[in-house]
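So the mapping is simple: my numbering equals the position in the first sequence, first residue as 1, plus 35.
Ideal Cβ placement from N, Cα and C applies to all residues, glycine included.
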Amino acid sequence: MPELPEVETTRRGLAPHLVGRCVRGATLRRADLRWPIAPQIAAELPGQTIESVSRRAKYLLLEAQTGAALLHLGMSGSLRVLPEGTPHGKHDHVDVLLDSDHVLRFNDPRRFGCLLWQAHGAVHPLLAGLGPEPLDEAFDGDHLWRASRGRTAPVKTFLMDQSVVVGVGNIYAAEALFRAGIAPGRAAGRVSRERYAALAAAVKDILARAIARGGTTLRDFIAPDGAPGYFVQELSVYGRAGQACKACGTALRARMLGQRASVWCPRCQH
DNA sequence: CTCTTAACCTGGACGC
DNA sequence: TGCGTCCAGGTTAAGA
């Protein structure tokens, strides 16, 4: 479910409830999600104060004194802050108990998410090797152009490669490529420097706009306060296969690229 | 290295 | 109503 805008929306929703709060304990209703839940969540985090809630790529970090809880929402994960004692439902796998008499609740039906631990001063292996943040200045068209030389994979697959640039998933890759006028199936190494400049600008603009709308809710994404994201109203191509292009009226086409559904306008994108 | 494919897991939508 | 099939916002591991 969540790409960068949804994770950032989650981060912004959580921070006011978590920063400065002391963790009283943790309730684990199952031992693993994608991987075993780190033992430090129950054994080391309680008693510590959450100093900040940060984001790297699609990961969230709850930073405490001896380390940070490292979370990924996978395809179906969500986090909410609820009054202590709120009955838990199916797939509510973890509660982190706070000294505010609230709980941070991690729900993830498909369990593709994870809850790990990064020791203070260390970099978790999952965070090593990630590409730049798309909203940082270090990310631009030249970065994409240089990284793509000689690459034969589809440009959409390339754009979703987290070692190239982080945070872009299936929705925003499709939308950015439409905005830049690039066909998603084109080989990454056969896109010009000029067109990569347009693509990088499109990525930045679309992600920023999506964050401003609270992300995209297709079925089950919710912010920590329970609110959906409204960027779904601005989607140009994602989920619109067969429908008319909003720019030219041509029927949007769809095909699988890298095992992900990909939609584009055959007239606007080349 | 790069690229492709299978796998992880549940639930909703759809066809019969 | 029930059952089988396919698909879904992500990522890793294994193989070519």
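By the criterion of a C-beta distance shorter than 8 Å, Q278 is surrounded in its chain by A286 and L287, once the five residues flanking it on both sides are discounted. In terms of CA proximity to L132, A77 leads the group A77, D67 and L179.
Given a length threshold of 3 residues, each whole run of the beta strand (DSSP E) inside the stretch 145-193 is given here in chain order: 149-154.
Checking the DSSP bridge columns, you'll see W299 partnered with R288. Among the bridge pairs identified by DSSP, R115 is matched with R140. With a 10 Å radius around the Cβ and a threshold of 16 neighbouring Cβ atoms, R228 comes out exposed.
For the pair T251 and E41, the CB atoms are nearer than the 8 Å cut-off.
Exposure of D177 is indicated by the presence of fewer than 16 other C-beta atoms within 10 angstroms of its C-beta.
Using a 10 angstroms sphere on the CB of P122, the tally of other CB atoms stays under 16, which defines it as exposed. The shortest C-alpha to C-alpha distance from L39 to any of S271, A208, C280 and P219 is the one to A208. Per DSSP, the unbroken alpha helix (DSSP H) holding T44 starts and ends at L39 to L53.
If you draw a 10 Å sphere on the C-beta of V158, you find fewer than 16 other C-beta atoms in it, and that means exposed.
Fewer than three beta-carbon pairs drawn from the stretch 256-273 and the stretch 187-198 are found closer than 8 Å, and the two stretches are therefore not classed as touching. DSSP places Y94 in the uninterrupted beta strand (DSSP E) bounded by Y94 to E98. For A243, the enclosing alpha helix (DSSP H) starts and ends at R228 to A247.
Here Y265 carries a strand assignment [DSSP, helix/strand/coil]. A distance of 8 Å or more separates the beta carbons of L162 and G220. The beta-carbon distance between A188 and A215, rounded to whole angstroms, is 17 Å. This is too long to meet the 8 Å contact definition. Scanning S89, G124 and R184 for the CA closest to the CA of V54 turns up S89. DSSP links T251 through a beta bridge to Y265. Within the same chain, Cβ atoms closer than 7 Å to the Cβ of K239 are found at P169 and L170, the five residues on either side in sequence being excluded. Taken in chain order, the complete beta strand (DSSP E) segments of 3 or more residues contained in the stretch 59-106 are 87-91 and 94-98. The three-state reading of DSSP puts A276 in coil, since its state is none of H, G, I, E or B. The beta carbons of V129 and R64 sit closer together than 8 Å. Secondary structure at A222: strand, using DSSP grouped into helix, strand and coil. Taking the Cα positions, S87 is about 42 Å away from C300. L133 sits in a strand when the DSSP states are folded into three classes.
Proximity to G156 across I206, H126 and T101 peaks at T101, based on C-alpha coordinates.
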